[in-house]
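Protein chains: 2
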Amino acid sequence: MSNHARLRTGDQTLVREINLSVIMRRLLEHTSLSRASLAEVTGLNKSTVSSLVQELIDMSFVHETGLSFTGVGRPSMMLGLNPRAGYIVSCELGVDFISVLCANFGGEVVWRVKENTAGIQGRDEIMHHVLTLLRQAVDIGATRCPGSGGLLGVAVGVPGLIEQATGTLLFAPNLQWRDVPLRDIVSAEFGGVPVFVDNEANMAALGETLFGAAKGYNEVLYISAGVGVGGAVVRNGQLVRGTTGFASEFGHMTIDPDGALCNCGNRGCWETLVSQSAVIRLTRQAISAGRSSVLEALAGGDLNNLSIPLIVQAAVQQDAVALSVLEAAGRNLGIGIASLINAFNPDLVVLGGILSLAGQWLLPTVRAEVGWRALRWNAEATEILLAQHGFDACAMGGVATLLQAIVLEPGRYHPQNYL
Amino acid sequence: MSNHARLRTGDQTLVREINLSVIMRRLLEHTSLSRASLAEVTGLNKSTVSSLVQELIDMSFVHETGLSFTGVGRPSMMLGLNPRAGYIVSCELGVDFISVLCANFGGEVVWRVKENTAGIQGRDEIMHHVLTLLRQAVDIGATRCPGSGGLLGVAVGVPGLIEQATGTLLFAPNLQWRDVPLRDIVSAEFGGVPVFVDNEANMAALGETLFGAAKGYNEVLYISAGVGVGGAVVRNGQLVRGTTGFASEFGHMTIDPDGALCNCGNRGCWETLVSQSAVIRLTRQAISAGRSSVLEALAGGDLNNLSIPLIVQAAVQQDAVALSVLEAAGRNLGIGIASLINAFNPDLVVLGGILSLAGQWLLPTVRAEVGWRALRWNAEATEILLAQHGFDACAMGGVATLLQAIVLEPGRYHPQNYL
DNA sequence: AATTAGTTGGTTGGCACAACAAACAAAGAG
DNA sequence: CTCTTTGTTTGTTGTGCCAACCAACTAATT
Chain Z
1 MSNHARLRTG
11 DQTLVREINL
21 SVIMRRLLEH
31 TSLSRASLAE
41 VTGLNKSTVS
51 SLVQELIDMS
61 FVHETGLSFT
71 GVGRPSMMLG
81 LNPRAGYIVS
91 CELGVDFISV
101 LCANFGGEVV
111 WRVKENTAGI
121 QGRDEIMHHV
131 LTLLRQAVDI
141 GATRCPGSGG
151 LLGVAVGVPG
161 LIEQATGTLL
171 FAPNLQWRDV
181 PLRDIVSAEF
191 GGVPVFVDNE
201 ANMAALGETL
211 FGAAKGYNEV
221 LYISAGVGVG
231 GAVVRNGQLV
241 RGTTGFASEF
251 GHMTIDPDGA
261 LCNCGNRGCW
271 ETLVSQSAVI
281 RLTRQAISAG
291 RSSVLEALAG
301 GDLNNLSIPL
311 IVQAAVQQDA
321 VALSVLEAAG
331 RNLGIGIASL
341 INAFNPDLVV
351 LGGILSLAGQ
361 WLLPTVRAEV
371 GWRALRWNAE
381 ATEILLAQHG
391 FDACAMGGVA
401 TLLQAIVLEP
411 GRYHPQNYL
Chain L
1001 MSNHARLRTG
1011 DQTLVREINL
1021 SVIMRRLLEH
1031 TSLSRASLAE
1041 VTGLNKSTVS
1051 SLVQELIDMS
1061 FVHETGLSFT
1071 GVGRPSMMLG
1081 LNPRAGYIVS
1091 CELGVDFISV
1101 LCANFGGEVV
1111 WRVKENTAGI
1121 QGRDEIMHHV
1131 LTLLRQAVDI
1141 GATRCPGSGG
1151 LLGVAVGVPG
1161 LIEQATGTLL
1171 FAPNLQWRDV
1181 PLRDIVSAEF
1191 GGVPVFVDNE
1201 ANMAALGETL
1211 FGAAKGYNEV
1221 LYISAGVGVG
1231 GAVVRNGQLV
1241 RGTTGFASEF
1251 GHMTIDPDGA
1261 LCNCGNRGCW
1271 ETLVSQSAVI
1281 RLTRQAISAG
1291 RSSVLEALAG
1301 GDLNNLSIPL
1311 IVQAAVQQDA
1321 VALSVLEAAG
1331 RNLGIGIASL
1341 INAFNPDLVV
1351 LGGILSLAGQ
1361 WLLPTVRAEV
1371 GWRALRWNAE
1381 ATEILLAQHG
1391 FDACAMGGVA
1401 TLLQAIVLEP
1411 GRYHPQNYL
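First to last, the sequence lines map onto chains Z and L.
First residue of the first sequence: 1, per the working numbering; consecutive thereafter.
First residue of the second sequence: 1001, per the working numbering; consecutive thereafter.
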């Protein structure tokens, strides 16, 4: 309404784009449909559907998968998204690792690699590694996904603030990077191929929406508790970014105004209570205070070895310290989630990140806390589930990002040989 | 994306609707434009603009306002929204008052009334009063806004949860009402006229976006601190409602997990710290604790008479108690707003409700608190302003709601004589 | 004469609609 | 059992409608 940007006007091109996208979306949902059923589902005329489908087949995004003989009448030619339309390369640039994978247009991963970068210093050196791995993935994609399209696009997920307009990494506190024009760098390397750069939580959230726990939900809150606490909101399949693209920084919501100092400068941020390091700190404190725990043995006597997987292992063994720490974390998670549920009224909250490994112990506490803290009407409308993608969440989200971009605007992402 | 509802497909009707709306939106923004400049601004062809404008003139939403002689060349016929297209009746159903106003299509208020309902008991009796006042407004509109269209629609704002699909008031804690089919009741009374029912904060926020402080902003957070704390989010001129329509209940965000019990059942809700009653309570406590204040005199010796206007009056006189209470309130407001800024990344936060009377004292503290608590990138992108509409915020928002509905879908709200 | 505003007549490119051809299952006749 | 008929469903073809576009035009002014 108040948008001073040029409002998109309507013309036949727009109509065509919309309808092409509608067909793609339906095929993504139902995986296999005939032209006739597409006409019924979309409300479009049969002839229109035929024309649209033909165009999508010509672009190789759709293919005929075979006849279906169901009951009387002429059998229907089933249609589906064409996994061989091309391949997608996606990358998570983590704090101490680089994870790259290659997937076909059906979202099936054909290759993956994860490289530790803890020893590597310097932005340029790391970027060099990233580009090398991407090149490798692209080459492998070319041989393992033969046929039509070639490379459709590249996605990069980063733990930092991204300026969407330019695909620039503005600031990544944990990497200590600033103002890196990631999109341009990667795009230049691969002949101008479409490149999507986004915050890791955003990508992971989109991944869960297309491939994971959030499939079919309309208003999804994704919360990733790991090194820090990241968040994302997906509304009707679209990421919600705010004006400048930095929305959903839930980790720095103030939960306790006089709480511990956060490295963002604020006090009592949510992530000082529920991040990985907070949980580990609580555990260490409990043990140092004299409470006995199997964790001492599990950590080999050195409490610096404590980690979420170890704590989970202890919880499995009914270790009292682990259980009480997880319960405290669950309560704190619940407090924040209740506030967010009141603010966003989502139909689903997805809990991701490394802490979700302990989901079995966290979820009941979170649900209980939300139950009494959130407004009844809101709490009743919301489910709370664990993320389905673990380590690959972000990289899979990159695939989802590209898939979604193509499904939304198939005409714009024509397969063409960029390399 | 994941929306399983029937996706809207494109056809010529859609194109026409879009373009009609684009024209209306441009005219709403710029108030006066020629066909030629509309063509330039929208990118549409001159002939197309002529055709669209003609259709809008036929519906009487647009009219020619006179020739403009600027420089050489044929003078242009200026166009604008036609204030005489019809009139709008809007109503705020408050806890102890009913406020009704009548405005023309230009948003100019031609009549208003506010009735105290503190003495009136019972839902039916109050609804009777509402309908009587609405009828009066409709009659007055008919005489004061003569000409073309007649009654365009009715808006009703309520302090409660509204189910948008049906226009039903599900629950209004302060009115103690449940399940009242407001839209049907009002629509039936006025011959099936379009009726919009919404939460008061939502309406007020939309009012500020169209007529007030938030004009021209893309992502607006509206916060109304009064009896409770209400909120709303307006993104690109559209209200954000969540899945079931209960989003933006910021008042019940947990700020202090072990804080005071809120009447929602939770502890330490934001509104236990920054609502009208919280501020008054703090003031009373300070005075009872022996701090001297001009408020004792202003309240006529009875601290039960304390009110926000009185506290503001005391602040004007540099009263220490009033100033310190307002500073505390500002800090608490800032704490919550900082969290919301991190979560929504708005370009504007609007502070409304009765507490905004003390804006002069609150704003500096709020801004300071936000400055150090919110993430730098987010804080820098956000302005914080006071609402421009005071008592009429909600009712004016109702006018805005209808105006917006018509601007978005002019074809759907053809003036027709409902009565 | 130059310039800007707005209209007119014709073209293009979408979708809807209805008739049609194609491909099958089921049922009955030989 | 084979062949034919019937009925059903799929998908295509040709026509008409409608909206925007384009180019040439008229209109009104400096």
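Note that the Cβ used here is the ideal one computed from N, Cα and C, for glycine as well.
Bear in mind that the values here come from a model prediction, so they are computed numbers and not experimental data.
Q: Flag this pair as touching only if the region 242-257 of chain Z and the region 1328-1343 of chain L have three or more C-beta atom pairs under 8 Å; answer yes or no.
A: The region 242-257 of chain Z makes contact with the region 1328-1343 of chain L: 3 or more CB pairs, one atom from each, lie closer than 8 Å.
Q) Hey, is residue 16 of chain Z's beta-carbon within less than 9 Å of any beta-carbon in chain L? A) Yes - at least one Cβ of chain L is within 9 Å of the one on residue 16 of chain Z.
Q) Applying a beta-carbon distance threshold of less than 8 Å, which residues of chain Z neighbour residue 1372 of chain L? A) Neighbours of residue 1372 of chain L in chain Z, taken as residues at a C-beta separation under 8 Å, are given in chain order as 265, 266.
Q | Start and end residues, beta strand (DSSP E) containing residue 1092 of chain L | A | Note, residue 1092 of chain L: beta strand (DSSP E), 1087-1093.
Q | Counterpart residues of residue 1348 of chain L in DSSP-defined beta bridges | A | The partner list for residue 1348 of chain L (beta bridge, DSSP) reads L:1220, L:1383.
Q: Have a look at residue 318 of chain Z and residue 324 of chain Z and give me their C-alpha separation to the nearest angstrom.
A: Taking the straight line from one Cα to the other gives about 10 Å.
Q) Does the region 378-389 of chain Z come within contact of the region 95-104 of chain Z, defined as at least 3 CB pairs closer than 8 Å? A) Contact fails: fewer than three Cβ-Cβ distances are below 8 Å.
Q. Mind checking whether residue 79 of chain Z and residue 27 of chain Z have CB atoms under 9 Å apart?
A. Cβ atoms of residue 79 of chain Z and residue 27 of chain Z: closer than 9 Å.
**Q.** Inter-residue spacing [alpha-carbon to alpha-carbon] between residue 1072 of chain L and residue 1023 of chain L
**A.** Each residue's alpha carbon lies about 26 Å from the other.
Q.
Residues of the region 191-209 of chain Z in Cβ contact with chain L at a cutoff of 7 Å, in chain order, please.
A. Going along the region 191-209 of chain Z in chain order, one finds 209 with a Cβ nearer than 7 Å to chain L.
Q) Should residue 404 of chain Z go down as buried or exposed, given a rule of 16 or more other Cβ atoms within 10 Å for buried? A) Within 10 angstroms of the beta-carbon of residue 404 of chain Z lie 16 or more other beta-carbons, which makes it buried.
Q: Per DSSP, which residues does residue 434 of chain Z bridge with? Please list them.
A: Nothing can be reported for residue 434 of chain Z, as the shown portion of chain Z is limited to 1 through 419.
Q: Run down chain Z in chain order and give the residues with a C-beta less than 7 Å from the C-beta of residue 1253 of chain L.
A: For residue 1253 of chain L, the C-beta contacts it makes with chain Z under 7 Å involve 339, 342, 343, in order along the chain.
(Q) Below 7 Å on C-beta distance, what does residue 1425 of chain L contact in chain Z? (A) In this structure chain L extends from 1001 to 1419, so residue 1425 of chain L is not present and cannot be described.
Q. With a CB to CB cut of under 7 Å and the five nearest residues on each side skipped, what residues in its chain are close to residue 375 of chain Z?
A. For residue 375 of chain Z, where only same-chain residues beyond five positions count, the Cβ hits under 7 Å are 342.
(Q) So residue 1154 of chain L and residue 1109 of chain L are supposed to be a Cβ contact under 8 Å. How far apart are they, rounded? (A) With 8 Å as the limit, residue 1154 of chain L and residue 1109 of chain L do not qualify as a contact, their Cβ atoms being about 15 Å apart.
Q: Report the neighbours of residue 117 of chain Z on chain L: residues whose CB is nearer than 8 Å to its CB, in chain order.
A: The premise fails here: residue 117 of chain Z is roughly 25 Å from chain L at the closest Cβ pair, so nothing lies under 8 Å.
Q.
Let me see if you follow: with CB-CB separation under 9 Å, is residue 3 of chain Z close to chain L or not?
A. Note that residue 3 of chain Z scores a pLDDT of 42, beneath 50, so its modelled location is shaky; the value from the coordinates is reported in the next line. Chain L has a Cβ within less than 9 Å of the Cβ of residue 3 of chain Z.
Q.
Less than 9 Å between CB atoms is the rule here; does residue 1012 of chain L satisfy it with respect to chain Z?
A. Judged by the 9 Å Cβ criterion, residue 1012 of chain L is in contact with chain Z.
Q: Kindly say whether residue 247 of chain Z, judged by its beta-carbon, lies nearer than 9 Å to any beta-carbon of chain L.
A: Chain L, which has a Cβ nearer than 9 Å to the Cβ of residue 247 of chain Z, makes this yes.
Q | Residue interval of the beta strand (DSSP E) (run including residue 102 of chain Z) | A | For residue 102 of chain Z, the uninterrupted beta strand (DSSP E) segment begins and ends at 97-104.
(Q) To the nearest angstrom, how far is the alpha carbon of residue 1291 of chain L from that of residue 1313 of chain L? (A) A straight-line Cα-Cα distance of about 17 Å links residue 1291 of chain L and residue 1313 of chain L.
Q: Could you run through the region 24-35 of chain Z and flag, in chain order, every residue whose CB is less than 9 Å away from some CB of chain L?
A: So the close ones are 25, 26, 28, 29.
Q: Could you check if residue 1008 of chain L is buried or exposed, using at least 16 other CB atoms within 10 Å of its CB as the buried criterion?
A: Per the 10 Å Cβ criterion, exposed.
Q: Report buried or exposed for residue 32 of chain Z, applying the criterion of at least 16 other Cβ atoms within 10 angstroms of its Cβ.
A: When all chains shown are included, residue 32 of chain Z counts as exposed.
Q.
Can you list, in chain order, the residues of its chain with a C-beta nearer than 6 Å to that of residue 214 of chain Z? Leave out the 5 residues immediately preceding and following it.
A. Once the five neighbours on either side are set aside, the close Cβ partners of residue 214 of chain Z are 208, 220, 348, 350.
Q. What runs of the beta strand (DSSP E), each 3 residues or longer, lie entirely inside the region 1244-1312 of chain L?
A. Taken in chain order, no unbroken stretch of beta strand (DSSP E) lies wholly in the region 1244-1312 of chain L with a span of 3 residues or more.
Q) Which partner residues does residue 1082 of chain L have in the DSSP bridge list? A) Paired residues: none, contrary to the question.
Q | For residue 69 of chain Z, the three-state DSSP class (helix, strand or coil) | A | Three-state result, residue 69 of chain Z: coil.
(Q) For residue 1127 of chain L and residue 1150 of chain L, I'd like the C-alpha separation in whole angstroms. (A) Note on geometry: alpha-carbon atoms of residue 1127 of chain L and residue 1150 of chain L lie some 24 Å from one another.
Q) Which residues, in chain order, does the region 1036-1051 of chain L contribute to contact with chain Z at a C-beta distance below 9 Å? A) For the region 1036-1051 of chain L, the set of residues with a beta-carbon nearer than 9 Å to any beta-carbon of chain Z comprises 1041, 1042, 1043, 1044, 1048, in chain order.
**Q.** Exposed unless 16 or more other CB atoms sit within 10 angstroms - verdict on residue 1248 of chain L
**A.** Flag for residue 1248 of chain L reads buried.
**Q.** Which residues DSSP lists as bridging residue 1163 of chain L, in chain order
**A.** Looking at the DSSP output, residue 1163 of chain L sits in a beta bridge with L:1168.
(Q) Between residue 410 of chain Z and chain L, is the shortest Cβ-Cβ distance under 9 Å, so that the two count as touching? (A) Output row for residue 410 of chain Z: interface = no.
Q: Indicate whether residue 331 of chain Z and residue 369 of chain Z have their beta-carbon atoms separated by less than 9 Å.
A: Yes, the pair counts as a contact, with Cβ atoms nearer than the cut-off.
Q: Could you tell me which residues DSSP puts in a beta bridge with residue 1228 of chain L?
A: Bridge partners of residue 1228 of chain L: none, in fact.
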